[in-house]
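Residue numbers (our numbering), protein chains in the order written: chain Z, 4 to 133; chain P, 4 to 133.
There are 2 protein chains.
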Amino acid sequence: MRATKQRSAIVDALDSARGFRSAQQLHDELKRAGASVGLTTVYRTLQAMAESGRVDALRRDDGETIYRRCGSDEHHHHLVCRDCGTSVELANDEVEAWAEGAARRHGFTQVTHTAELYGFCRDCSSSRSS
Amino acid sequence: MRATKQRSAIVDALDSARGFRSAQQLHDELKRAGASVGLTTVYRTLQAMAESGRVDALRRDDGETIYRRCGSDEHHHHLVCRDCGTSVELANDEVEAWAEGAARRHGFTQVTHTAELYGFCRDCSSSRSS
DNA sequence: GTTAGTGCAAATGATTTGCAAACAG
DNA sequence: CTGTTTGCAAATCATTTGCACTAAC
């Protein structure tokens with residue numbers, strides 16, 4: 004993968020973001036910041052980075068896929084703010100244990116799971132209540 | 004909501020299905036079974052039933068939304084077969100407790116969660132190994 | 001120079017909506 | 001009858017792809 008200015012712009016934007024962003028959001032932010040990066044490139048870059056594990060991708064209930072620069076390579080879950088996208092990584096054993104137990108009890112194999120939490124972070128919930 | 008033959012056909016198809024089905028799948032099955040129901044109607048009916056809680060909807064990672072006739076009105080999760088769509092309902096407290104605890108620890112409010120398990124059921128994993 | 005990367009425009013695929021015709025109560 | 005419901009076709013929306021063009025190495 005070559006080093007290009009649009010790729011570093013995308014990575015920078017993701018880094019400075021406090022959490023998850025959709026491809027469209029990132030594209031907007033880049034454009035607003037004056038960087039000239041095509042939406043296509045944003046999609047392609049995020050997709051490539053997600054495949055190679057350098058970002059975390061997850062699909063929201065409304066169908067948009069959101070991405071975030073991910074700290075650990077370990078399997079983990081997220082607590083994502085619906086408003087600002089801030090996220091907290093949750094390394095958790097209870098969920099894995101639950102998943103494995105349920106799979107075994109019902110005779111399922113090769114079980115994977117998705118588990119994400121969505122809410123309003125401290126900052127966003129206080130600004131909403133005003 | 005009026006009783007129409009297309010609606011009962013959709014409900015019947017969902018009932019006889021062993022698990023989750025997408026709108027497109029249901030439409031195909033209905034057409035194959037000789038029923039004449041428009042894809043639009045399948046979408047509208049499933050959406051209406053999901054809103055009123057009569058079916059359970061969840062979005063797969065590939066973006067398709069799948070539906071299933073749901074036994075309980077209670078909040079619960081699913082163990083879904085990737086191959087045949089069969090699903091098991093899981094009423095579980097561990098996940099809820101984990102979600103609430105994580106939310107509280109990080110100051111998030113109005114937290115909802117998604118947690119679904121995907122794998123191969125006993126039947127499908129044995130037929131795959133052959 | 002090659003080859004990978006970019007971006008526009010057109011294509012996709014799931015889902016939604018406009019609207020006139022068909023139907024339930 | 002009169003308001004719902006239906007279903008086709010066209011519209012959306014996020015995302016992907018074809019392809020000529022540009023930049024990296």
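All C-beta atoms, glycine included, are put in the ideal place defined by N, C-alpha and C.
Quiz prompt | CB of VAL91(P) within 8 angstroms of CB of ARG71(P), strictly | solution = Translated into positions along the second sequence, residue 91(P) becomes position 88. Translated into positions along the second sequence, residue 71(P) becomes position 68. Not in contact: VAL91(P) and ARG71(P) (Cβ atoms no closer than 8 angstroms).
Quiz prompt | is_contact[THR43(Z), chain P] using C-beta, thresh 8 angstroms | solution = Counting from one through the first sequence, the residue named residue 43(Z) turns up at place 40. Chain P, which has no Cβ nearer than 8 angstroms to the Cβ of THR43(Z), makes this no.
Self-check item: Which of helix, strand or coil DSSP assigns to ALA118(P)
Solution: Reading the second sequence from its first residue, position 115 is the one you call residue 118(P). ALA118(P) falls in the strand class under three-state DSSP.
Quiz item: Once you ignore the five residues that flank LEU93(Z) on each side, which residues in its own chain have a CB closer than 7 angstroms to its CB?
Solution: One-based indexing of the first sequence puts residue 93(Z) at position 90. Closer than 7 angstroms at the Cβ level, and outside the excluded window around LEU93(Z), lie HIS79, HIS80, HIS81, LEU82.
Exercise. State the start and end residues of the unbroken alpha helix (DSSP H) segment that holds THR48(P).
Key: Here residue 48(P) refers to the residue found at position 45 when the second sequence is read from its first residue. First-last of the alpha helix (DSSP H) with THR48(P): 42 to 54.
Self-check item: Nearest candidate by alpha-carbon position, reference ALA102(Z), set ASP96(P), GLY104(P), ALA105(P)
Solution: What you label residue 102(Z) is simply residue 99 of the first sequence in a count that begins at 1. Ranking ASP96(P), GLY104(P), ALA105(P) by Cα distance to ALA102(Z) puts ASP96(P) first.
Exercise. For LYS2(P), collect the residues of the same chain with a Cβ closer than 8 angstroms to its Cβ; drop the 5 residues on either side in sequence, then sort them by chain order.
Key: In this structure chain P extends from 4 to 133, so residue 2(P) is not present and cannot be described.
Exercise. Look at CYS87(Z) and GLY122(Z) and say whether their C-beta atoms are less than 8 angstroms apart.
Key: Here residue 87(Z) refers to the residue found at position 84 of the first sequence. Here residue 122(Z) refers to the residue found at position 119 of the first sequence. In this structure, GLY122(Z) does not lie closer than 8 angstroms to CYS87(Z) by Cβ.
Quiz prompt | Span separating the alpha-carbon of VAL98(Z) from that of HIS109(P) | solution = For this step, residue 98(Z) is matched to residue 95 along the first sequence. For this step, residue 109(P) is matched to residue 106 along the second sequence. Approximately 18 angstroms between the Cα atoms of the pair.
Quiz prompt | DSSP state of SER19(Z) mapped onto helix, strand, coil | solution = Indexing the first sequence from 1 puts residue 19(Z) at position 16. Helix.
Self-check item: Cβ-Cβ distance between ARG62(P) and ARG62(Z) below 8 angstroms
Solution: On the second sequence, position 59 is the one that residue 62(P) refers to. On the first sequence, position 59 is the one that residue 62(Z) refers to. Yes, the Cβ-Cβ distance between ARG62(P) and ARG62(Z) is below 8 angstroms.
Quiz item: Listed in chain order, which residues of the region 112 to 124 of chain P have Cβ atoms closer than 7 angstroms to some Cβ of chain Z?
Solution: THR112, GLN113, VAL114, THR115, HIS116, THR117, ALA118, GLU119, LEU120, TYR121, GLY122, PHE123, CYS124
Practice problem: Provide the residue(s) that pair with ARG85(Z) in DSSP beta bridges, ordered along the chain. | Solution: Within the first sequence, residue 85(Z) is the residue found at index 82, counting from 1. For ARG85(Z), which the question treats as bridged, DSSP gives no partner whatsoever.
Exercise. Under 8 angstroms Cβ to Cβ from ASP18(Z), same chain only, skipping five residues before and after it: list those, please.
Key: Mapped onto the first sequence, residue 18(Z) falls at position 15. Hits under 8 angstroms: ARG72.
Quiz item: Ordered along the chain, which non-local residues of its own chain (more than five positions away) have a Cβ less than 7 angstroms from that of ALA12(Z)?
Solution: By 1-based counting over the first sequence, the position of residue 12(Z) is 9. For ALA12(Z), where only same-chain residues beyond five positions count, the Cβ hits under 7 angstroms are LEU33, ALA38, VAL40.
Quiz item: Under three-state DSSP, which class holds SER39(Z)?
Solution: Within the first sequence, residue 39(Z) is the residue found at index 36, counting from 1. Coil.
Self-check item: is_contact[SER128(Z), chain P] using C-beta, thresh 8 angstroms
Solution: Position 125 of the first sequence, counting from 1, holds the residue named residue 128(Z). True, the Cβ-Cβ gap to chain P drops below 8 angstroms.
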